[in-house]
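A short worksheet on the structure shown next.
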Amino acid sequence: MNKKPLLWVGISVGALVIVAAVGYLLFNDKVSNLVRSAAEMYIRSRVSSVVANASDSTVTVAFGDFDYGFFTHTLTIDNITFSYLDSTNATKQTLHVSIDKLVCTGLAPWDVLFGTGLTLGTISVAHPVFTLDIIDRAGVRTNDIAPIDTALVQLPQIPDVDSLLAILVARALPADVSPLTIDSVMVMNAGGRTYIKNDTAHMHGTMEGVDLTARKISVGAGSKIDAHLLSDFSITIKRWHRIYSTGQDALMEGGMVRINGSDSSMSVAHARLTKSGRNMYLAKGVVFSFAHHRLTIDSAYLGTAVTDKQWLAAQKHPADRMRISAEDVAMDNIDLDALTNGTALTVRKLSAGTLTIDILSSKLGRRPRVATRERMPHQLIRMIPFSVGIDTITVANASVRYAELRHESSSPGLLTWSKIEVTVTGLSSDTILQRHQPLKISAKGLFYDHAVMSATFAFPLHVTTYQMHGEGYMRGFDITRLNSFLPAIEGLRITSGFSDKATFRFDVRGRVARGFVDPVYRDLDFKYVNKRTKKGSWFTDITSFFGSWLGVKNDNPIGKKHQIGKVSYTIPRNSAIMETIWFPIRDGLGDVAGF
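Counting in this note's numbering, the sequence shown runs from -1 upward without gaps.
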């Protein structure tokens, strides 16, 4: 057997071991010192870039143990901390950050010795924790402490991904190292708290479970440091909570931003905003696709955060309570540039699988001396602080519950609509477009779960005086179903009656309604009742008898005796939009029936 190859292999291995040992003895301390010096300089420079705009500031940076593995090419730094104090006449800010451990793999000694660039493996940062305290002496951070929200609606805040990443990358990467390649950067389980206060209010915020991952970072010689250096980036936030002394409470759980070559997306598992402890906005399963310009929401809620009993107890004047919930919401073909700039909401289609509207109108309490005026659609559109343009809105299955509570009644009157298909077109703040394409709402569903009802309402939004056109029909209605509403509100109980069909058509200009209601019904009879007890007395019985005998038209069949009701009505001042629809229809029905 020829032993020479084995001998040469042994000699080669031995030589390599000797070279490695000599290299380790000669360069280990030098490389370790260079690595430590470079790491300290890099961390200090990144901290300085964050607080560079501060005046009269003091920054301190401290490090624990440094450990560099000459053969493993791994750098480990324990217990990194930095503190920052900025005190001026306007504010006093204190920031403290601590990092349990930073580990960098793939840091070769020749890259350190010869300075020809860096090729790194994974940089992992374990459990960074921050605390930020701000005392706002001059009120410059008032909106952070006590945000003033007077707008009717606000645009969802969708970040500009390129700008966001450009800032992150520019602040994180060293500008003087080229070429630079990093397999991945991982920040694990970051968190912290924020406290901001002034003379009148304060805000306390916490952030938990923040993970950041960036993969395949590459900067060539002369490359500009920007967002396009990243092939895959993600940041997740387990929980972000802010509590304001004004009563506002904002919570986000399961937030994530993901950017890669095929698509970029932003998602939130659960978001909740409570205002003054009583009004709440809630959204679940929110996903925004930057590539497809599409926003989807699994479910959303807008309304009160308390029970009706608690809400009524807090009202001193007549008021309306509204709860709106929706599922399977989607916005398609969003103008992303306008949305990220906060200037417009332009959407080709907004759709919802289900929509539920629950309204309680309380007429209890005294009207305030200076009553809040009800806003009509043409006024509401002017209150929105950005441009609006939604081509089409569709709802597959909507339901409406309207309850009205008055002094005279112990329980509210109730109207219900269900299984409604809704289509809305022409929702735009463009006055030129509104001249020939007004806001139009078309709906078809069931009234009191059995009568087919279809209606279309048009609202010009470019006008200065309220205008509305309404038309529709209802088929197969048991009129006694109105006894869930009429006894409490009108003091009237229907004892019998059935409507085969009823149509209506009217226009409203300002407070004047003109049009007609054409009902076909039979066997209509009623009695007056006490609004509180819903029962009659000897007086109401006599009134009902004479009313039915002298004035009420009990039948209105198709034929010679058929009568069409005339709508000629002046709508009361400060009527709600639902009342501008119901009052004219009621007037036309009364013209036929005689009550």
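Ideal Cβ placement from N, Cα and C applies to all residues, glycine included. These figures come from a predicted structure and were not determined experimentally.
Check                                                                                                                             : Outcome
Beta strand (DSSP E) runs wholly inside the region 306 to 367, at least 3 long, in chain order                                    : 317 to 332, 342 to 360
Exposure of Ile196, with buried meaning 16 or more beta-carbon neighbours within 10 Å                                             : Checking the sequence, you will find Asn at residue 196 rather than Ile. Buried, since its Cβ has 16 or more Cβ neighbours within 10 Å.
C-beta contact flag for Arg404 and Thr414 at 8 Å                                                                                  : no
For His200 and Ile575, the rounded distance between their alpha carbons                                                           : 39 Å
Nearest neighbour of Thr192, chosen from Ile235, Thr103, Ile133 [CA to CA]                                                        : Ile133
Sufficient close CB pairs (3 or more, under 8 Å) joining the region 71 to 79 to the region 90 to 103                              : yes
Three CB pairs or more closer than 8 Å across the region 447 to 456 and the region 364 to 384                                     : no
Met374 in three-state terms, based on DSSP                                                                                        : coil
Nonlocal neighbours in the same chain, by C-beta distance under 8 Å from Asp306, ignoring five residues either side               : Arg319, Leu358
Residue nearest to Ala188 in terms of C-alpha spacing, selected from Asp326, Trp238, Leu293, Pro126                               : Pro126
Which of helix, strand or coil DSSP assigns to Leu105                                                                             : coil
Candidates Lys282, Gly489, Leu334, of which the one nearest Val327 by Cα                                                          : Lys282
Exposure label - Phe69; buried when at least 16 CB within 10 Å                                                                    : exposed
Between the CA atoms of Ala124 and Lys442 - distance to the nearest angstrom                                                      : 58 Å
Candidates Met472, Pro517, Val527, of which the one nearest Ile492 by Cα                                                          : Val527
Spatial distance of Ala317 from Gln432 (CA atoms)                                                                                 : 31 Å
Ala212 to Val386 span [Cα, whole Å]                                                                                               : 36 Å
Identity of the residue in Ser426, Ser397, Ser494 nearest Val345 by Cα                                                            : Ser426
Beta-carbon gap between Gly411 and Ala311 smaller than 8 Å                                                                        : no
Same chain only: Cβ atoms within 6 Å of Val450, ignoring 5 sequence neighbours per side                                           : Arg473
Any non-hydrogen atom of the ligand SAM within 7 Å of Gly586 CB                                                                   : Inclusion of the ligand SAM in the displayed structure is not the case, the ligand content being empty and no account of it being possible.
Cβ separation of Leu293 and Met250, assumed to be a contact under 8 Å, to the nearest whole Å                                     : Not confirmed; about 16 Å, so no contact.
DSSP beta-bridge partners of Lys282                                                                                               : His268, Ser297
Closest residue to Asp505 among Ala267, Lys564, Leu484, Lys558 (Cα-Cα distance)                                                   : Lys564
Contacts around Ala500, its chain only, beta-carbon distance under 6 Å, and the 5 residues preceding and following it disregarded : Met472, Pro517
C-beta contact flag for Phe622 and Gly468 at 8 Å                                                                                  : Since the first and last residues shown for the chain are -1 and 593, residue 622 lies out of range.
Among Ser409, Pro375, Gly340, Asp296, the one whose alpha carbon lies nearest that of Ser360                                      : Ser409
Bounding residues of the alpha helix (DSSP H) (the contiguous stretch that carries His291)                                        : Note, His291: premise wrong, no alpha helix (DSSP H); not H, not E.
DSSP-derived helix/strand/coil call for Asn554                                                                                    : strand
Cβ-based neighbour list, Pro436, same chain, cut-off 7 Å, excluding 5 preceding and 5 following                                   : Gly424, Ala456, Phe457, Pro458, Leu459
Beta-carbon proximity of Asp131 to Thr79, cut-off 8 Å                                                                             : no
Residue(s) in a DSSP beta bridge with Val386                                                                                      : Leu343
Contained alpha helix (DSSP H) runs [length at least 4] in the region 474 to 515, N- to C-terminal order                          : 484 to 487
Whether Tyr446 touches Ile477 by CB criterion (8 Å)                                                                               : no
Counted within 10 angstroms of its Cβ, other Cβ atoms place Lys525 as buried (16 or more) or exposed                              : buried
C-alpha distance - Ile596 paired with Ser216, whole-angstrom precision                                                            : Residue 596 falls outside the range modelled here, since the chain spans only -1 to 593, and no answer is possible.
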